[in-house]
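Novice: Sequential numbering from 18 applies to the sequence shown in our numbering. All C-beta atoms, glycine included, are put in the ideal place defined by N, C-alpha and C. Here's a structure for you.
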Amino acid sequence: MNRPITVIGVLGSPHRHGNTEILLDTFLKGATEAGGVAEKVILSKLSYSSCKGCNACHKTGDCIMQDEIHPVFERMLDADCLAVSSPIYTMGITTELKGFIDRAHYIWVRHFKLKTHPLPPEKKVLHRGYFLSTAGMDREDVFATTFPMMQALFNIFGFSYCADILAKDMDGSGGIYGRPDILEMAYQNGYEAVRGIQKKEPCKR
Ligand SMILES: Cc1cc2nc3c(=O)[nH]c(=O)nc-3n(C[C@H](O)[C@H](O)[C@H](O)COP(=O)(O)O)c2cc1C
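Right under this line is the structure:
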């Protein structure tokens, strides 16, 4: 029997059950209903520190800080699909998510500097990454700072950056339930992510 498609959703919002978590849950519901096995990682519940920049990993490929982040990174490396979410805080991603991404520096070192754990070329092609975000303001550029960080995160872990699912103007629409079209888009992306991986199709972005 084929093993199930695994999907990890990372909640970067410290605010539980808000716009971002509802959007992420909708993606994960689509993924589950397509036959995937989903796990939600709630960063605000994890105990981890920010990267100290000691660069010990440049020599060893390991991080000197032993906390709850490493098992999550191991599961992310094994997952078929990664959905990362954050609200916009002061025109960027949350502290929780930025601190989490910075801690993956040792994974970058292993893959791209020391090359002790090279990523197989097919990994990135068939592993799908999605970014979900919500913002209060109705500004075209409100998500602009986030995209390079997501690209870097997906590169480090070996995922194709397949799509952004973005809900701006949450203040104007009374929250995410005022945008059923975007919730539907999140559901469809979750569903199609799993179906696409099952069929071994690269995403079309
Ligand atoms: C500390 C803080 C900073 C924020 N900064 C911005 C901002 O710069 N631009 C914006 O459009 N919305 C901003 N917002 C609004 C949130 O992005 C928006 O309400 C989002 O949908 C909240 O998601 P949540 O319900 O998951 O917490 C900010 C909210 C907070 C709490």
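What number of angstroms, rounded off, separates the C-alpha of Ser225 from the C-alpha of Lys130?
Specialist: With the chain covering 18 to 222 only, the question about residue 225 has no answer from this structure.
Novice: Quick one: using the 10 Å Cβ neighbour count with 16 as the cut-off for buried, is Pro104 buried or exposed?
Specialist: Taking the first residue of the sequence shown as 1, we reach residue 104 at position 87. By the neighbour-count rule (16 or more Cβ atoms within 10 Å), Pro104 is buried.
Novice: When the Cα of Lys221 is compared with those of Asp186, Glu201, Ala180 and Asp198, which residue comes out closest?
Specialist: In the sequence shown, counting from the first residue as 1, residue 221 sits at position 204. Among Asp186, Glu201, Ala180 and Asp198, the Cα nearest to that of Lys221 is on Ala180.
Novice: Tell me the rounded alpha-carbon separation between His32 and Asp119.
Specialist: Within the sequence shown, numbered from 1, the residue matching residue 32 stands at position 15. Within the sequence shown, numbered from 1, the residue matching residue 119 stands at position 102. Straight-line Cα distance between these residues: approximately 21 Å.
Novice: Should Gly29 and Ser102 be called a contact, given that it needs their Cβ atoms to be closer than 8 Å?
Specialist: Position 12 of the sequence shown, counted from the first residue, corresponds to residue 29. Position 85 of the sequence shown, counted from the first residue, corresponds to residue 102. Yes, Cβ-Cβ distance for Gly29 and Ser102 is below 8 Å.
Novice: Apply the 10 Å Cβ neighbour rule to Ile81 and answer buried if 16 or more other Cβ atoms are within range, or exposed otherwise.
Specialist: As a working note, residue 81 is residue 64 in the sequence shown. Exposed, since its Cβ has fewer than 16 Cβ neighbours within 10 Å.
Novice: What is the rounded straight-line gap between the Cα of Gly70 and the Cα of Pro197?
Specialist: Locating residue 70 in the sequence shown gives position 53, counting from the first residue. Locating residue 197 in the sequence shown gives position 180, counting from the first residue. The straight-line gap from Cα to Cα measures roughly 42 Å.
Novice: Considering only C-alpha positions, which residue in the set Pro137, Trp125, Gly35 and Val54 is nearest to Gly191?
Specialist: In the sequence shown, the residue the question calls residue 191 occupies position 174. It is Gly35.
Novice: For Leu149, which of helix, strand or coil comes out of DSSP?
Specialist: In the sequence shown, residue 149 corresponds to position 132, counting from 1. Judged by DSSP in its simplified three-state form, Leu149 adopts strand.
Novice: Is the beta carbon of Tyr307 sitting closer than 8 Å to the one on Ala55?
Specialist: With the chain covering only 18 through 222, there is no way to say anything about residue 307.
Novice: According to DSSP, is Leu63 helix, strand or coil?
Specialist: By one-based count along the sequence shown, residue 63 stands at place 46. In this structure, Leu63 counts as coil in the three-state DSSP scheme.
Novice: Does the distance from the CB of Leu45 to the CB of Leu200 come in under 8 Å?
Specialist: Taking the first residue of the sequence shown as position 1, residue 45 is located at position 28. Taking the first residue of the sequence shown as position 1, residue 200 is located at position 183. For Leu45 and Leu200, no; Cβs fall outside 8 Å.
Novice: Is Thr43 helix, strand or coil when you go by DSSP?
Specialist: Walking along the sequence shown from the start, residue 43 turns up at place 26. In this structure, Thr43 counts as helix in the three-state DSSP scheme.
Novice: In the stretch 164-195, which residue ranges form an unbroken beta strand (DSSP E) of at least 3 residues, counting only runs that do not cross its ends?
Specialist: 177-184
Novice: Would you call Ala121 buried or exposed, if buried means 16 or more other Cβ atoms sit within 10 Å of its Cβ?
Specialist: For this step, residue 121 is matched to residue 104 along the sequence shown. Burial call: buried.
Novice: Ligand 1 heavy atoms versus the CB of Ala152: any closer than 7 Å?
Specialist: The sequence position of residue 152 within the sequence shown is 135, counting from 1. Ala152 Cβ: within cutoff of ligand 1.
Novice: Measuring CB to CB, does Ile214 end up less than 8 Å from Phe174?
Specialist: For the purposes of this step, residue 214 is taken as the residue at position 197 of the sequence shown. For the purposes of this step, residue 174 is taken as the residue at position 157 of the sequence shown. Cβ distance not < 8 Å, so Ile214 and Phe174 don't count as in contact.
Novice: May I ask which residues mark the beginning and end of the alpha helix (DSSP H) holding Thr77?
Specialist: Here residue 77 refers to the residue found at position 60 when the sequence shown is read from its first residue. Thr77 -> alpha helix (DSSP H) spans Cys74 to Thr77.
Novice: Between Asn19 and Gly52, what straight-line distance do the alpha-carbon atoms span, to the nearest angstrom?
Specialist: Position 2 of the sequence shown, counted from the first residue, corresponds to residue 19. Position 35 of the sequence shown, counted from the first residue, corresponds to residue 52. So the two alpha carbons sit approximately 12 Å from each other.
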